[in-house]
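Using this note's numbering, you'd call the opening residue of the sequence shown number 239 and step up by one each time.
Backbone N, C-alpha and C define an ideal beta-carbon position, used for all residues, glycine too.
Treat the numbers as computed from the prediction; the structure is a model and nothing was measured.
In what follows, a structure is listed as structure tokens, so that the remarks can point back to it.
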Amino acid sequence: MDLDDLHIFRCVVREGGVTRAANRLHRVPSNVTTRIKQFEERLGVTLFRRQGRGLALTDAGRTLLGHAERLLQMADLAEQELRSGAVRGVLRLGSLESAAGARLPPVLSAFHAEYPDVSIELQTGTTAALLRLLEHFEVEAAFVSEPFETGRLSSLPAFEEELVLISAKGAPAPRSAASLGGQTLLAFPHGCSYRRRLVEWMAEGGASPGRILDLGSYHAIVACVAAGTGVAIVPAEVLDQAVLGTAVERHPLPDRFRINRTHLVWQGEASPPLRALMDLLPGAHKVGIMP
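Set out below in structure tokens:
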């Protein structure tokens, strides 16, 4: 696949049309249009469709865009490294909100101090959402929580954390998983591994939630629990840093649900910036990544 074709294709996407892309590429619009048509004919798919006065990506175009971003990034990195020998470029990462808020800041700070020429872009989401981003090459690697299907992914244990059950102050302490039956669970949307753990624990006790309220942040989850809306599972370290962390009651979970591991996952060969980040992770020492 010609990198020049990928570059023209990506430019049309980013600029939102052929004319603006041609100006950016210092080409005439007819040349850009011809190159895109030839590229589509060679691939046997349609990459764009007309939408009003502009162009929109087809499903095939969206798939190609993920590959194009990664291939062009790797080409840029290869050229930069050959010219300078330094680690530089862009490292696109995905992360659970808990890891992004509590675990990653010191790692990313150390990384920036050592590799100032690498720009990090970070997206947060549930484990399932992050794995989808990785599958479509929208991120190079992601910090996800157990359990997850590795498939063809490579993985490295990154962090270990304690999960706790939280309820409102003054609410009766849960004596067992069965005692939570019928209550409202507060959690991230479907695909959150912590939510899955809580539901599995209740199922072992023959109980099921009355309803599940989907929320988009730990701040919202802790605030709603403090207000008496329901119960939730959160990492203890996140709770330590939450504004309302002392406004809720903590309850220990059984050992098999209490300890949770966050893994860094990626596909294919890790880029130099990603390998440099791996060297800074606590789990790298345990699996022999570092000397």
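With contacts defined as CB atoms closer than 8 Å, Leu-360 and Ala-380 fail to qualify as a contacting pair.
Glu-400 is bridged by DSSP to Ile-497. Considered as a whole, the region 410-482 harbours 422-425, 449-452 and 470-473 as its complete beta strand (DSSP E) runs of no fewer than 3 residues, in chain order. By the 16-neighbour rule on beta-carbons within 10 angstroms, Leu-281 is exposed. When the Cα atoms are used, Leu-491 and Leu-418 turn out to be separated by approximately 13 Å.
Around Ala-470, the same chain offers Ile-404, Leu-423, Leu-424, Ala-425, Ile-459 and Val-463 as residues with beta carbons nearer than 7 Å, after the five sequence neighbours per side are excluded. Counting only the Cα atoms, Glu-475 lies some 8 Å from Glu-399. Residue environment for Ser-268: exposed (fewer than 16 other C-beta atoms within 10 angstroms of its C-beta). Among the bridge pairs identified by DSSP, Glu-359 is matched with Arg-330.
Under the three-state reduction of DSSP output, Gln-289 falls in the strand class. Rounded to the nearest whole angstrom, the CA to CA distance from Met-440 to His-374 is 34 Å. Between Leu-293 and Val-250, the gap from beta carbon to beta carbon is short of 8 Å.
DSSP places Leu-502 within a strand segment (E or B) once states are collapsed to three. Cβ-Cβ distances below 7 Å link Ala-416 to Gly-443, Gly-444 and Ala-445 in the same chain, with the five nearest sequence neighbours on each side left out; the list follows chain order. The beta carbons of Ala-396 and Leu-518 sit about 10 Å from each other, so the pair does not count as a contact at 8 Å.
The beta carbon of Pro-427 lies closer than 6 Å to those of Asp-452 in the same chain, with the five residues before and after it left out.
Sequence-distant Cβ neighbours of Phe-386 in its own chain, meaning closer than 6 Å and more than five residues away, are Thr-365.
In terms of Cα proximity to Val-437, the closest of Ala-259, Val-481, Phe-495 and Tyr-353 is Phe-495. Cβ contact annotation for Glu-335 (same chain, cutoff 7 Å, sequence separation greater than five): Thr-362, Ser-455 and Tyr-456, in chain order. Rounded to the nearest angstrom, the Cβ distance from Val-256 to Val-270 is 5 Å, consistent with a contact under 8 Å. According to DSSP, residue pairing for Pro-511 in a beta bridge does not occur.
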